[in-house]
Amino acid sequence: MKLLIISLLVTGMILPCSSFGYELDKQKEALNLIVITAKELCENVPLSGGTEGVQLTGEAKAKVSGIVKKLADLGLEGAVKYESNEYEGVLQEDLAVIVNKSANCKMDVWKDLQDKLVLPPEPISSMKNSEALIKDQNPTDIEIQSIELKEFWGIDEPYVVAVVKNDSTVSAKNVTVTFWKGADQEIISTDSIHKQYHISNLRIRAGEEHDFPIAPLSKYVQEISESSSPEDLVDFTVPNEDKLPFALQEKLCGKLKNQSCRFDSFTKGTFVQFKYETIFDDSVTKTTSFSNTFLDGDVRVY
243 MKLLIISLLV
253 TGMILPCSSF
263 GYELDKQKEA
273 LNLIVITAKE
283 LCENVPLSGG
293 TEGVQLTGEA
303 KAKVSGIVKK
313 LADLGLEGAV
323 KYESNEYEGV
333 LQEDLAVIVN
343 KSANCKMDVW
353 KDLQDKLVLP
363 PEPISSMKNS
373 EALIKDQNPT
383 DIEIQSIELK
393 EFWGIDEPYV
403 VAVVKNDSTV
413 SAKNVTVTFW
423 KGADQEIIST
433 DSIHKQYHIS
443 NLRIRAGEEH
453 DFPIAPLSKY
463 VQEISESSSP
473 EDLVDFTVPN
483 EDKLPFALQE
493 KLCGKLKNQS
503 CRFDSFTKGT
513 FVQFKYETIF
523 DDSVTKTTSF
533 SNTFLDGDVR
543 VY
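When the letters of the sequence shown are read in order and numbered with our numbering, they come out as residues 243 to 544.
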């Protein structure tokens, strides 16, 4: 985050050359203070309820007053404005709403404070550059982590499940994932398991995983390979997965000692489409696939 802030200052602001060094140091100090304050407010959830709704606690209000004074002492005009009781109260109310409702608290608090206390009014083009920099340094990308067989209560056979992970630094919103056999044949199960996990307004936070059940094993195999039975589906491989040589052979034949093992297999692909929104309200559609390995006949050990 600190590197992002420093880059933002260098790229997103244009200052007169004569005062550049001094102004840059002042901005760095101010934004570092804001990072600390955002961390303290969001991690401790300093809220209290009352007749007027959710408010910051006394300790949290003191933190806000403290950072306003420190930034005002640095000569930042935005902070000087918020030193007055009237404006400081408005700032505290705004922060209480953010801390209470935001799913991306630290970034939202940081942005709110830097907009109000640090950055002077800028031309529209400059603000767009700043926003673009934040977006560029926080790409939102979700991937299939693994395909697994999982047991669910009320279902008498394993369920094929795609475990999807958000490896980004920010949340992905309104995530939907669909699975296809070919370009126009969607694989979908209408049971309660599917409905329980494929939910509307789904948010996958940074670093977190979510299970997307595809179908019960027998239904899934029927969709992918009509000529095979459930026990013939022996392996899944997701993109960029590193597998050891002969991993499938060891899985099917076990560890052999002075023996040989033969089997035939074939693969069928499952196509996947992700749709989600970023915290910057961009809409993303992304396609990928994974492979299903089926055993063709018996495993022969001799």
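Beta carbons: idealized from backbone N, C-alpha and C, even for Gly.
For residue j and residue i, the rounded distance between their alpha carbons
i      : j      : result
Phe516 : Ser467 : 23 angstroms
Ile546 : Gly308 : No answer is possible for residue 546: it lies beyond the span of the chain, which begins at 243 and ends at 544.
Thr530 : Asn482 : 11 angstroms
Gln356 : Gln297 : 21 angstroms
Lys377 : Glu301 : 33 angstroms
Lys402 : Val351 : Per the sequence presented here, residue 402 reads as Val, with Lys not at that position. Straight-line Cα distance between these residues: approximately 40 angstroms.
Gln491 : Glu519 : 41 angstroms
Lys415 : Ala314 : 37 angstroms
Asn426 : Asp477 : According to the sequence provided, residue 426 is Asp. The question's Asn does not apply to it. In a straight line, the C-alpha of Asp426 is about 24 angstroms away from that of Asp477.
Ser502 : Gly539 : 16 angstroms
Leu494 : Asp453 : 27 angstroms
Val463 : Phe532 : 14 angstroms
Tyr324 : Asn408 : 38 angstroms
Phe488 : Phe508 : 15 angstroms
Phe505 : Leu475 : 13 angstroms
Gly331 : Asn274 : 23 angstroms
Ala195 : Ala280 : As displayed, the chain neither begins before 243 nor continues past 544, which places residue 195 out of reach and without an answer.
Lys437 : Thr418 : 12 angstroms
Cys284 : Ile429 : 41 angstroms
Val406 : Tyr439 : 12 angstroms
Leu333 : Asp484 : 51 angstroms
Val322 : Phe394 : 58 angstroms
Pro381 : Cys347 : 18 angstroms
Glu335 : Ala304 : 13 angstroms
Outcome for residue i when other beta-carbon atoms lying within 10 angstroms are tallied against a minimum of 16
i      : result
Asn534 : buried
Leu537 : buried
Tyr544 : exposed
Thr432 : exposed
Arg542 : exposed
Glu465 : buried
Gly320 : buried
Ser471 : exposed
Thr512 : buried
Ser469 : exposed
Ala404 : buried
Lys528 : exposed
Of the listed residues the options, nearest to residue i (C-alpha basis)
i      : options                           : result
Val514 : Val476, Phe394 and Trp422         : Trp422
Pro458 : Thr411, Asn274 and Lys392         : Lys392
Lys311 : His440, Glu301, Cys503 and Leu359 : Leu359
Glu473 : Asp484, Val480 and Lys461         : Lys461
Ser326 : Val306, Ala414 and Arg447         : Val306
Leu337 : Pro381, Glu282 and Phe488         : Glu282
Val339 : Thr299, Tyr324 and Gly320         : Thr299
Val480 : Lys353, Lys323, Lys510 and Ala280 : Lys510
Ile397 : Pro455, Glu450 and Val406         : Pro455
Asp383 : Ala304, Ser507, Phe508 and Glu451 : Glu451
Ile441 : Asn380, Cys347 and Thr420         : Thr420
Gly317 : Tyr329, Glu271 and Thr411         : Glu271
Arg445 : Val406, Val322, Ser413 and Lys528 : Ser413
Gln379 : Ser410, Val322, Lys303 and Glu335 : Ser410
Asp354 : Trp395, Ile276, Val322 and Pro400 : Ile276
Proximity test, Cβ basis, 8 angstroms: residue i and chain C
i      : result
Glu450 : The question asks about chain C, but that chain is absent: this structure has only one protein chain.
Item to check | Cβ contact check for the region 483–499 and the region 516–531: 3 or more pairs under 8 angstroms | outcome: Judged by Cβ distances under 8 angstroms, the region 483–499 makes no contact with the region 516–531, as fewer than three pairs qualify.
Checklist entry - Between the region 375–389 and the region 432–442, are three or more C-beta pairs nearer than 8 angstroms? => result The region 432–442 and the region 375–389 do not touch, with fewer than three beta-carbon pairs separated by less than 8 angstroms.
Checklist entry - Which parts of the region 431–468 are runs of the alpha helix (DSSP H), unbroken and 4 residues or longer, counting only runs that do not cross its ends? => result Those alpha helix (DSSP H) runs which fall completely within the region 431–468 and span 4+ residues are 434–439 and 459–466.
Checklist entry - Quick one: complete beta strand (DSSP E) runs, 3+ long, within the region 468–544? => result Counting only runs of 3 or more, we get 475–479, 507–520 and 525–537.
Checklist entry - Taking the runs of the beta strand (DSSP E) that are 3 residues or longer, which of them lie wholly in the region 390–425? => result Correct list: 401–408 and 414–422.
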